[in-house]
Amino acid sequence: MIRDITIGQYYPAKSVIHRLDPRAKIVCTLLFLVSLFVQNSLLGYVIATAFLGTVIHLSKVPLKFIVKGLKPILILLLFTVVMNLFLNKGGETLVSFWIFQITENGLRVSVFMAIRLMYLVAGSSIMTFTTTPNALTDGIEKLLYPLNKIKVPVHEVAMMMSIALRFIPILLEETDKIMKAQIARGADLESGNILQRAKAMVPILVPLFVSAFRRANDLAMAMEARCYRGGEGRTKMKPLVYHGRDRVAYVIVLVYLAAVFCVGRFVPFSIWIF
Amino acid sequence: MEMIEAKKLVYEYEKRDEDGNVTGLNRAVDGIDLRISEGSFVAILGHNGSGKSTLAKHLNAILVPTGGTVWVDGKDTKDPKELWNVRQSAGMVFQNPDNQIIGTVVEEDVGFGPENLGVPSEEIWQRVEDSLKAVGMIKYRSHSPNKLSGGQKQRVAIAGVIAMEPKCIVLDEPTAMLDPNGRKEVIRTVERLRKEKNVTVILITHYMEEVIDADEVFVMDGGHIVMHGTPREVFSQVDRLKEIRMDVPQVTMLAEMLRKRGIALPKGILRKEELVEALCRLN
Amino acid sequence: MSIKLEEICYVYSPGTAYEQHALKNVNLEIPNGQFAGIIGHTGSGKSTLIQHLNGLVKATSGRLYYEGKNIYEEGYDLKKLRSQVGLVFQYPEHQLFEVDVLSDVCFGPKNQGLSPEECKKKAVEALHLVGLSEECYGQSPFELSGGQKRRVAIAGVLAMHPKVLVLDEPTAGLDPKGRDEILDQIESLHKKTGMTVILVSHSMEDIAKYVERIIVMNQGEKMLDGSPKEVFSHYQELEQVGLCAPQVTYIMHDLKKRGFQVSTDVTTVEEAAEEIINSLKRERQ
Numbered sequence: 000m001i002r003d004i005t006i007g008q009y010y011p012a013k014s015v016i017h018r019l020d021p022r023a024k025i026v027c028t029l030l031f032l033v034s035l036f037v038q039n040s041l042l043g044y045v046i047a048t049a050f051l052g053t054v055i056h057l058s059k060v061p062l063k064f065i066v067k068g069l070k071p072i073l074i075l076l077l078f079t080v081v082m083n084l085f086l087n088k089g090g091e092t093l094v095s096f097w098i099f100q101i102t103e104n105g106l107r108v109s110v111f112m113a114i115r116l117m118y119l120v121a122g123s124s125i126m127t128f129t130t131t132p133n134a135l136t137d138g139i140e141k142l143l144y145p146l147n148k149i150k151v152p153v154h155e156v157a158m159m160m161s162i163a164l165r166f167i168p169i170l171l172e173e174t175d176k177i178m179k180a181q182i183a184r185g186a187d188l189e190s191g192n193i194l195q196r197a198k199a200m201v202p203i204l205v206p207l208f209v210s211a212f213r214r215a216n217d218l219a220m221a222m223e224a225r226c227y228r229g230g231e232g233r234t235k236m237k238p239l240v241y242h243g244r245d246r247v248a249y250v251i252v253l254v255y256l257a258a259v260f261c262v263g264r265f266v267p268f269s270i271w272i273f
Numbered sequence: 000m001e002m003i004e005a006k007k008l009v010y011e012y013e014k015r016d017e018d019g020n021v022t023g024l025n026r027a028v029d030g031i032d033l034r035i036s037e038g039s040f041v042a043i044l045g046h047n048g049s050g051k052s053t054l055a056k057h058l059n060a061i062l063v064p065t066g067g068t069v070w071v072d073g074k075d076t077k078d079p080k081e082l083w084n085v086r087q088s089a090g091m092v093f094q095n096p097d098n099q100i101i102g103t104v105v106e107e108d109v110g111f112g113p114e115n116l117g118v119p120s121e122e123i124w125q126r127v128e129d130s131l132k133a134v135g136m137i138k139y140r141s142h143s144p145n146k147l148s149g150g151q152k153q154r155v156a157i158a159g160v161i162a163m164e165p166k167c168i169v170l171d172e173p174t175a176m177l178d179p180n181g182r183k184e185v186i187r188t189v190e191r192l193r194k195e196k197n198v199t200v201i202l203i204t205h206y207m208e209e210v211i212d213a214d215e216v217f218v219m220d221g222g223h224i225v226m227h228g229t230p231r232e233v234f235s236q237v238d239r240l241k242e243i244r245m246d247v248p249q250v251t252m253l254a255e256m257l258r259k260r261g262i263a264l265p266k267g268i269l270r271k272e273e274l275v276e277a278l279c280r281l282n
Numbered sequence: 000m001s002i003k004l005e006e007i008c009y010v011y012s013p014g015t016a017y018e019q020h021a022l023k024n025v026n027l028e029i030p031n032g033q034f035a036g037i038i039g040h041t042g043s044g045k046s047t048l049i050q051h052l053n054g055l056v057k058a059t060s061g062r063l064y065y066e067g068k069n070i071y072e073e074g075y076d077l078k079k080l081r082s083q084v085g086l087v088f089q090y091p092e093h094q095l096f097e098v099d100v101l102s103d104v105c106f107g108p109k110n111q112g113l114s115p116e117e118c119k120k121k122a123v124e125a126l127h128l129v130g131l132s133e134e135c136y137g138q139s140p141f142e143l144s145g146g147q148k149r150r151v152a153i154a155g156v157l158a159m160h161p162k163v164l165v166l167d168e169p170t171a172g173l174d175p176k177g178r179d180e181i182l183d184q185i186e187s188l189h190k191k192t193g194m195t196v197i198l199v200s201h202s203m204e205d206i207a208k209y210v211e212r213i214i215v216m217n218q219g220e221k222m223l224d225g226s227p228k229e230v231f232s233h234y235q236e237l238e239q240v241g242l243c244a245p246q247v248t249y250i251m252h253d254l255k256k257r258g259f260q261v262s263t264d265v266t267t268v269e270e271a272a273e274e275i276i277n278s279l280k281r282e283r284q
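In structure tokens, the structure reads:
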């Protein structure tokens with residue numbers, strides 16, 4: 000199960016999306032997320048789908064990777080759909096049993112909510128799939144750089160993020176290994192009440208923390224040995240420079256956002272408009 | 000010209016009880032004198048706890064002596080002004096391949112050192128490319144380090160050090176966690192670098208097979224240097240090595256056994272070809 | 000009374016892009032009391048194989064019998080199996096977690112539901128078996144040396160009184176001293192208790208010295224299976240898959256080529272010395 004987590008993983012490929020500046024990707028992703036919330040019409044979703052589809056296609060990331068990334072939110076998704084399905088009233092009643100009623104309105108809202116959620120995750124995972132974690136943190140560092148003036152340690156935070164990203168897969172694998180080893184010693188991780196289960200986690204968490212500290216210690220030493228001394232005086236192998244394609248990307252996303260927004264507000268289009 | 004020189008090097012650390020009170024001093028390294036000349040390949044051997052890793056950490060100023068002095072490329076490692084120069088002169092590769100790779104992509108990791116040194120971007124790219132070629136990992140430049148084998152990870156770590164253009168590379172048990180193929184990979188890489196880049200190599204290890212090509216071997220035990228010489232000189236003292244619980248390659252062991260049984264073989268045979276030749280001459 | 004694998008296959012993430020056949024149609028029987036070695040390079044499937052032996056990993060297809068019973072059958076007590084087939088993972092010291100050595104070793108027996116006194120008794124026994132001195136029992140396991148930590152971890156499995164002991168690279172990362180100590184200890188354990196021992200390693204020299212049978216894994220398949228002498232006589236095939244025979248085997252082959260009357264199925268230094276001396280004597284006569 001641990002192996003199934005794809006969020007935050009990089010998918011190496013050569014595509015125009017991969018080449019975009021991480022800052023452009025971060026800002027555009029945020030704008031895309033905004034676009035999902037400023038409208039609520041069928042046509043709007045059609046445009047969003049077309050946009051997302053084009054981006055996924057351009058990125059050369061296989062669709063099934065992105066679908067797999069949706070797995071962890073499955074429960075949240077179902078919950079949202081069910082809640083919206085039963086709690087939204089209005090419009091024609093489609094199905095009714097006992098105290099529950101599914102209305103046209105409820106169906107519509109729940110479908111849209113599901114799409115919104117899925118697009119939200121798909122949109123952000125496209126960003127992480129096409130951007131190396133280092134580029135991502137570089138992008139965040141640069142975007143947040145103004146905060147440095149109010150004494151926010153932007154470089155340090157960015158470095159911490161990138162190290163965390165590097166070590167998450169390693170620690171996940173290690174957790175898997177420790178769990179297996181303790182099960183081999185007869186540990187029971189699955190039965191009992193919450194308290195017993197929490198107690199059963201001790202033989203896993205202690206070695207995991209010990210290992211994390213040991214790794215942190217080693218890594219700090221390795222970084223110092225390679226002359227790391229904070230952000231000052233550091234150059235970048237991949238400095239962030241905006242290219243023509245980044246400007247084009249900004250323009251496209253802004254046009255898309257405007258289109259979705261206008262459609263959602265002003266186009267009188269069948270019953271699907273709220 | 001001496002690349003590294005140590006004079007009466009001592010490193011002590013405090014032993015503490017559970018409440019953090021000092022209960023005594025431990026000498027990990029005890030009065031070591033050492034000279035390593037530029038361009039040479041030197042091996043430091045010893046079992047775990049012999050002080051060899053503590054010594055290694057002095058060569059790159061991760062530790063500074065509590066007594067005596069270490070000079071790296073003429074610079075005193077105790078001098079805070081020289082700290083970063085020392086670290087740039089003597090690059091260091093560690094034991095655990097996972098815990099020394101910082102980047103999430105191979106080439107970004109190799110670029111980490113030069114970035115810290117403030118090298119301009121275009122030059123970093125050049126250095127990264129050269130270093131990855133030198134260790135034979137250029138094919139993997141855009142891969143994630145997590146997907147590589149142990150031997151490949153160590154080669155990336157070596158590339159990361161070379162990219163800083165050090166005069167000397169210290170490898171602290173780089174093969175201890177690898178399988179035999181990974182070990183060969185790393186040792187071959189180190190040999191190639193030595194020939195092509197003419198860097199001084201200091202290899203710390205407990206695998207005897209890895210040091211037979213070294214110019215000089217130091218054997219450590221209990222914080223002291225107990226043996227010193229060419230591999231042949233050191234390996235001819237099989238009994239002495241066994242005493243400090245070190246191993247010798249199977250062929251050296253076999254030759255020694257035969258010698259003890261009265262067969263006139265020369266001392267310190269290191270390679271199987273030598274043994275076969277020597278036995279053929281007997282016939 | 001043995002472990003028997005029939006047509007065991009294991010596939011990672013079936014049906015995805017990462018699909019990978021870790022084990023392909025493995026047939027194997029390990030009789031009680033045997034000291035067997037499994038070799039193979041990283042990724043050959045040897046670690047996956049041993050995780051099948053105590054049911055930690057379930058085969059995608061095939062059958063696994065422990066003492067005649069198929070462990071994949073409904074209602075089979077896997078917990079009991081795990082206490083009978085003790086598995087010591089690679090770098091087992093990374094699983095230590097208790098405040099002192101003795102409590103850590105007690106973890107296994109405690110999970111078996113034994114009383115605190117019995118747990119303690121078994122833990123002390125196990126610590127004796129791995130040769131750890133008594134002054135360590137009250138110490139934190141994290142303060143011990145690398146070799147000592149590893150013994151504590153092995154004792155943690157031994158305390159469960161397994162009938163089969165499986166060790167995955169028990170010498171990884173140890174120096175020659177620590178390596179010899181651990182392997183000697185395992186050998187004497189095998190002799191003293193008569194338990195089945197399965198040793199996974201990538202060091203041919205170690206394996207040749209201790210085991211009576213070698214199983215070679217390659218790309219998820221069992222490639223060779225036999226006594227060390229039989230297996231190492233296939234040294235050329237071993238090389239093709241990135242493995243090799245002990246150095247002395249090569250020396251004997253080279254000597255034979257140069258006209259020495261020596262047998263080539265030699266796997267340890269002592270045997271080689273004997274062979275060479277005998278051959279030289281024959282020459283002189």
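Chains as they are written, first to last, in numbering that gives the first Met the number 0: chain V, 0 to 273; chain A, 0 to 282; chain E, 0 to 284. Beta carbons: idealized from backbone N, C-alpha and C, even for Gly. Quick caveat: nothing in here was measured; it's all calculated off a predicted structure.
Non-local C-beta neighbours of LEU22/E in its own chain, meaning closer than 7 Å and more than five positions away in sequence, comprise ILE7, CYS8, TYR9, GLY44, THR47, LEU48, GLY219, ordered along the chain.
Counting the other CB atoms within 10 Å of its CB gives MET163/A a total of 16 or more, which places it among the buried residues.
A direct Cα-Cα distance of roughly 34 Å separates GLN87/A from TYR10/V. The Cβ of SER161/V sits no closer than 9 Å to any Cβ of chain E. In this structure, DSSP gives TRP70/A an extended state, which the three-state scheme calls strand. With the criterion set as a beta carbon lying under 7 Å from some beta carbon of chain V, the members of the segment 93 to 108 of chain E are HIS93, GLN94, LEU95, PHE96, PHE106, GLY107, in sequence order. Annotation: Cβ neighbours of PRO238/V in chain A (cutoff 8 Å, chain order): SER120. Collapsing the DSSP output to three states places HIS40/E in coil.
Residue environment: PRO248/A is assigned as buried (16 or more neighbouring CB atoms within 10 Å of its CB, all protein chains considered). Of all alpha-carbon atoms in GLY230/V, MET178/V, GLY191/V, CYS226/V, the one lying nearest the alpha-carbon of VAL205/V is that of MET178/V. As DSSP reads the structure, TYR9/E sits in a beta bridge with LEU22/E. When beta bridges are read from the DSSP output, TYR249/V appears opposite no residue. In this structure, THR188/A keeps its C-beta atom at 9 Å or more from the C-beta atom of VAL109/A. Note on ASN31/E: under 16 other CB atoms within 10 angstroms of its CB, so exposed under the neighbour-count rule. Between the C-alpha atoms of PHE217/A and LEU253/A there is a straight-line separation of about 23 Å. Put simply, the backbone Cα of GLY90/V is about 10 Å away from that of ILE101/V.
DSSP places PHE64/V within a helical segment (H, G or I) once states are collapsed to three. At least one C-beta of chain A is nearer than 9 Å to the C-beta of ASN133/V.
For the pair VAL230/E and LEU223/E, the Cα-to-Cα distance works out to about 6 Å. Close to chain E, meaning a Cβ-Cβ distance shorter than 8 Å, are the following residues of the segment 240 to 251 of chain A: ARG244, MET245, ASP246, PRO248, GLN249, VAL250. Taking the C-beta atoms as reference points, GLN38/V is found nearer than 9 Å to GLY263/V.
With its beta carbon at least 9 Å from every one in chain E, PRO113/A lies outside the interface. Counting only residues of its own chain and dropping the five nearest sequence neighbours on each side, ILE65/V has a CB closer than 8 Å to the CB of ILE55, ALA121, SER124, ILE125, PHE128. Within the segment 63 to 89 of chain E, LYS78, ARG81, SER82, GLY85, LEU86, PHE88 place their CB atoms closer than 8 Å to a CB of chain V, listed in sequence order. In the structure shown, ALA271/E adopts helical secondary structure according to DSSP, grouped into three states.
A direct Cα-Cα distance of roughly 6 Å separates THR195/E from LEU164/E. Per DSSP, the beta bridge partners of GLN100/V are SER95/V.
Residue ILE35/A holds the alpha-carbon nearest to the alpha-carbon of ALA213/A among ASN180/A, GLY66/A, ILE35/A, LEU177/A.
C-alpha of VAL28/A to C-alpha of MET219/A: approximately 9 Å in a straight line. Proximity of PRO206/V to chain A, defined by a Cβ-Cβ separation below 9 Å, is not satisfied. Neighbours of MET159/E across chain V, judged by C-beta separation under 8 Å: ARG184, GLY185. When C-alpha distances from TYR12/A are compared across THR251/A, PRO64/A, ILE31/A, the shortest belongs to PRO64/A. At a cut-off of 9 Å between beta-carbon atoms, MET91/A makes contact with chain V.
Rounded to whole angstroms, the gap between the alpha carbons of ILE123/A and ALA257/V is 41 Å.
The segment 90 to 105 of chain E makes no contact with the segment 61 to 68 of chain E; the number of CB pairs closer than 8 Å stays below 3. When DSSP states are grouped into helix, strand and coil, LEU24/A belongs to the strand group.
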